[in-house]
Structures are given as structure tokens and as C-alpha cells.
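Numbering of the sequence shown is given in our numbering, commencing with residue 2 and proceeding in unit increments.
No residue lacks a Cβ here, since even glycine has one placed at the ideal position from N, Cα and C.
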Amino acid sequence: MSKYIPILAILIAVIALGIFAYTSEALTYAGSRPETCANCHVMDAAYENWYHGPHEKWTECVDCHLPHQNVLIYYLEKGRTGMHDVYIFSTGQTPELIRAKPETKTIIMENCIRCHKNTIEAVVMGPQTNDRFCWDCHRNVAHGARGLTLLPMQDSTLYPTK
2 MSKYIPILAI LIAVIALGIF AYTSEALTYA GSRPETCANC HVMDAAYENW YHGPHEKWTE
62 CVDCHLPHQN VLIYYLEKGR TGMHDVYIFS TGQTPELIRA KPETKTIIME NCIRCHKNTI
122 EAVVMGPQTN DRFCWDCHRN VAHGARGLTL LPMQDSTLYP TK
């Protein structure tokens with residue numbers, strides 16, 4: 002009988018993880034839909050500003066906020082930042098103002114350059130000091146004009162799914 006205990010424990014763990022994955026819709030977080038990023042009410046203003054901003058028709062959150070060197074680096078960063086967010090939100094350490102960390106700013110800057118390389122090369126002639134981020138001048142481009150949302154949480158009836 003004792004030889005079946007490890008098998009039973011593994012079976013129970015697999016079933017429990019399966020139930021957790023199903024009820025939390027965990028697989029949606031592996032995708033790229035912006036609505037998934039807005040599941041946490043603290044992201045509502047960022048989502049709302051992006052939705053009404055100029056990039057909404059061309060980008061999703063992951064286009065700017067995750068690295069695109071290769072699929073492994075992409076999903077490692079997605080998992081790292083996702084687990085960081087889960088920890089911060091679930092332990093009540095959510096800051097009032099959400100700001101990108103230095104490593105995230107680097108990723109975002111690389112993606113600005115990746116998407117706008119031709120424009121940058123046409124506008125910027127010769128070597129530059131690169132001591133500024135694109136959003137230092139183009140503040141309202143990615144997420145639109147900054148402001149507070151009046152909604153306590155994301156209202157999916159206001160934003161059609163794509």
C-alpha cells in the first residue's frame with residue numbers, strides 16, 4: 002500500500018494544478034491579448050489610455066513590454082514579470098503609481114527602436130548620446146494622454162474584444 006502513496010500524491014497534485022489552471026484561466030496569460038493584461042484593476046488606467054491612444058490599432062502590450070530576440074527570452078521575461086506582478090498584487094504591495102522598472106525601460110526602448118528603426122534613421126543623422134528614452138519627448142504616444150480613470154475596474158462592455 003505504501004508504494005502507491007507517491008503515485009497518489011502526484012496524481013492529486015496534477016489534478017489540483019489542473020483545477021487551478023482551469024479556474025484561474027492561467028493559459029490566457031501565455032497569450033498576448035491586452036484585455037488579459039488589464040485583468041488586474043490597477044492596470045485599468047494604463048489599458049484605458051492605451052486603448053484610446055495612437056498605438057492601439059498597431060500594438061498589444063507584449064509588443065512593447067516584452068523582449069523579442071527569441072521565443073525563449075520572450076516567455077522567460079513574461080513569466081518573470083508575471084510572477085512579480087502576482088506577488089506584488091497578492092501581498093498588497095501594489096504601488097499607487099505603476100512605473101516601469103529599469104530593465105523594463107530597456108526592453109521598451111529596444112522595441113521602440115525595433116518598430117521605428119526606419120523613422121529613427123531618417124530623423125537622427127549620425128551618432129547620438131542615447132541618454133534619453135523615446136517617451137521623454139513622446140510621452141503620450143503609447144498610452145495616450147495621462148490621466149486617472151473614473152472606473153474602479155475594467156469594464157469589458159466599454160471595450161470590444163478584437
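A direct Cα-Cα distance of roughly 48 Å separates Val63 from Ser3. Around the beta carbon of Pro35, 16 or more other beta carbons lie within 10 angstroms, which makes this residue buried. In this structure, the CA atom of Val125 is about 16 Å from the CA atom of Asp137. Between Phe90 and Val15, the C-beta spacing is not below 8 Å.
Straight-line measurement puts the Cα of Thr37 at about 20 Å from the Cα of Gly93.
Straight across, the Cα-Cα distance linking Cys116 with Trp51 is about 17 Å. Annotation for Pro7: no residue places its beta carbon closer than 7 Å to its own, counting only its chain and skipping 5 residues before and after. Look at Met2 here: in three-state DSSP terms it is coil, with no helix or strand label.
Per DSSP, the continuous alpha helix (DSSP H) segment holding Gly83 begins and ends at 72–91. 8 Å or more divides the Cβ of Ala39 from the Cβ of Tyr30. Within its own chain, the residues whose Cβ lies closer than 7 Å to the Cβ of His66, once the five positions on either side in sequence are excluded, are Thr105, Ile108, Ile109, listed in chain order. Around the CB of His53, fewer than 16 other CB atoms lie within 10 Å, so the residue is classed as exposed. In this chain, the alpha helix (DSSP H) harbouring Ala47 covers 45–52. Close CB contacts of Cys135 within its chain, under the 6 Å cut and outside five residues either way in sequence, are with Cys113 (chain order). The three-state secondary structure of His139, taken from DSSP, is coil. Per DSSP, the continuous alpha helix (DSSP H) segment holding Asn112 begins and ends at 103–124. Less than 8 Å separates the beta-carbon of Tyr75 from that of His69.
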